[in-house]
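If you read the sequences in order, they're chains A and B. For the first sequence, position 23 matches number 23 in the numbering used here, and the numbering has no gaps at all. So the numbering used here is basically just the index in the second sequence, starting at one, shifted up by 1000.
There are 2 protein chains.
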Amino acid sequence: MKIYLAGPDVFLPDAIEIGRRKAAICAFYGLVGLYPLDNEIDLTAPDASRQIFASNEAMMDEAAAIIANLTPFRGAGADPGTVYELGYMAGRGKFCLAYSNDPAVYADRVRRFADVTSADGRLVDAQGLTVEDFGLVDNLMMIHAVELRGGPLVTPATMPADVWHDLAAFEACVRMAAARVSPR
Amino acid sequence: MKIYLAGPDVFLPDAIEIGRRKAAICAFYGLVGLYPLDNEIDLTAPDASRQIFASNEAMMDEAAAIIANLTPFRGAGADPGTVYELGYMAGRGKFCLAYSNDPAVYADRVRRFADVTSADGRLVDAQGLTVEDFGLVDNLMMIHAVELRGGPLVTPATMPADVWHDLAAFEACVRMAAARVSPR
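So this is what it looks like as structure tokens:
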């Protein structure tokens, strides 16, 4: 089974190395990990971003499954680029798995960045916008999408010291994918 | 044509009213806007979040198009829940339109929240994570998805005073949808 490896991992200083580690874990379980940076793009080309889009989409279309890294990125929620890809794969009817290395409930995580208060029975941030309060790790659309189309979101019991390089939750997703391919 | 109206608008204090305004603009152009809060959900039910997911997905499956509000939400990027829905509709092959009421380039917007520096020829934030620098308003996956599957992301020339209630960019998207239904 080919699995598209989505995540803000591509923004890490050692993005290529983390992709190699993820692909090696997939291979250990008899699966093939497809990582966006496997596509060779000339970043100086005027249409570089369009080329990246097209090759990521082609890679997603080639894959039967996605493992999305929903670890919070620049704020309380997941990386929108990764979430777009999770939605795309869900729309294509693919097998959807995801993990987050921060197990905190979304509302608690928003509190790290902003004042959250109660108003008319709902939680609101400083702008008066509702803070989702269903006891889930992130927006309900992603959480229930993976639950229904793959398996429950994987989170560690406690946040690892290095959320960007700890691959235990990722490996749990790979095992879930492998179990689907060869159920015991 | 039925259009799914995605956006963090559902988190506004006047979420229902803004949905009515959006649906009225759609109706003016002969289109039908489907707004998530049209679904009546008992928010005290233990599975309320799953019910919301299921009714949003059913609404998306009923719609032929999406207009996604990608105005930055709690940070530099779009609301992940909305982005999931945009990805889902793209994966289903639907007509995809989007707008953002903040016309700033993504890298400039990240600078409002964090120090951005140059390292090895790329922009990085304080955590050392690459800041996408293609001159686009948000992550390239969303921007090119709408460009290829609907029309270019709509942004105002300058950010309106009230980014959550100004519907000029939204209306421009509705006009694009109407032009697709009845091309002149």
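Even glycine gets a Cβ: it sits at the ideal position worked out from N, Cα and C. Source: prediction; values computed, not measured.
What alpha helix (DSSP H) runs, 4 residues minimum, are completely inside the segment 1070 to 1135 of chain B?
Listed in chain order, the complete alpha helix (DSSP H) runs (minimum 4 residues) inside the segment 1070 to 1135 of chain B are 1080 to 1091, 1106 to 1113.
Between which two residues does the alpha helix (DSSP H) harbouring B:Gly1033 extend?
Here B:Gly1033 belongs to no alpha helix (DSSP H); instead the beta strand (DSSP E) covers 1032 to 1034.
Quick test of your reading: A:Leu97 and B:Tyr1084, contact by CB under 8 Å. State the CB separation rounded to the nearest angstrom.
Not quite, the Cβ-Cβ distance comes to about 15 Å (not below 8 Å), so this is no contact.
Any idea if B:Ser1100 is buried or exposed, counting beta-carbon neighbours within 10 angstroms, 16 or more meaning buried?
Burial call: buried.
Considering just the uninterrupted stretch of the alpha helix (DSSP H) at B:Ile1003, what are its terminal residues?
Note, B:Ile1003: premise wrong, no alpha helix (DSSP H); beta strand (DSSP E) at 1002 to 1006.
Quickly, what does DSSP pair A:Gly150 with across the bridge? List them, please.
The partner list for A:Gly150 (beta bridge, DSSP) reads A:Cys96.
Select from A:Ala78, A:Phe53, A:Gly33 the residue whose C-alpha is nearest the C-alpha of A:Asp42.
Of A:Ala78, A:Phe53, A:Gly33, the residue nearest in Cα terms is A:Phe53.
Give the interface partners of B:Asp1125 over in chain A, defined as CB-CB distance under 8 Å, in chain order.
Under the 8 Å cutoff, chain A gives Arg74.
Measuring straight from C-alpha to C-alpha, what distance separates A:Ala178 and A:Gly33?
Answer to the nearest angstrom: the Cα atoms are 12 Å apart.
What does a CB cutoff of less than 6 Å around B:Gly1077 pick up in its chain, not counting 5 residues either side in sequence?
Cβ within range, chain order: Asp1138.
Using a Cβ-Cβ distance under 8 Å, would A:Met142 count as near chain B?
A:Met142 counts as touching chain B.
Along the alpha helix (DSSP H) that carries A:Asp162, what are the first and last residues, could you check?
Where A:Asp162 is concerned, there is no enclosing alpha helix (DSSP H), given that its DSSP letter is neither H nor E.
For the candidate residues A:Gly30, A:Ser49, A:Leu31, whose alpha-carbon lies nearest to that of A:Leu39?
Before going on, a small fix: residue 39 of chain A reads as Asn here, not Leu. The residue with the shortest Cα to Cα distance from A:Asn39 is A:Ser49.
Apart from the five residues on each side of it in sequence, which residues of its chain come closer than 8 Å, Cβ to Cβ, to B:Arg1175?
Excluding residues within five positions, the ones whose Cβ falls inside 8 Å are Tyr1029.
Output yes if chain B places a C-beta closer than 8 Å to the C-beta of A:Pro152; else output no.
Taking Cβ atoms only, chain B never reaches closer than 8 Å to A:Pro152, which makes this a no.
Do we get a CB-CB distance below 8 Å when we pair A:Gly87 with the residues of chain B?
It does; some Cβ of chain B falls within 8 Å.
So, for A:Arg122: in the same chain, excluding its five sequence neighbours on each side, which residues have a beta-carbon less than 6 Å away from its beta-carbon?
These residues qualify, in order along the chain: Thr130.
What residues from the segment 1045 to 1069 of chain B come within 9 Å of chain A, judged by C-beta to C-beta, listed N to C?
Those residues of the segment 1045 to 1069 of chain B that come within reach of chain A (Cβ to Cβ, closer than 9 Å) are Ala1048, Ser1049, Arg1050, Ile1052, Phe1053, Ala1054, Asn1056, Glu1057, Met1060.
Under 8 Å between C-beta atoms, does B:Arg1092 make it to chain A?
Interface residue, yes.
Assign A:Ile41 to one of three DSSP states: helix, strand, or coil.
In this structure, A:Ile41 counts as coil in the three-state DSSP scheme.
Helix, strand or coil: which one does DSSP assign to A:Ala64?
In this structure, A:Ala64 counts as coil in the three-state DSSP scheme.
DSSP state of A:Ser182, grouped into three classes?
It is coil, neither helix nor strand.
Please classify B:Asn1139: does DSSP put it in a helix, a strand, or coil?
Three-state DSSP puts B:Asn1139 in coil, outside helix and strand.
With distances taken Cα to Cα, identify the nearest neighbour of A:Gly135 among A:Val110, A:Gly150, A:Gly19.
It is A:Val110.
Against chain B, with Cβ distances strictly below 8 Å, would A:Asn139 count as a contact?
It does: the Cβ of A:Asn139 has a partner Cβ on chain B nearer than 8 Å.
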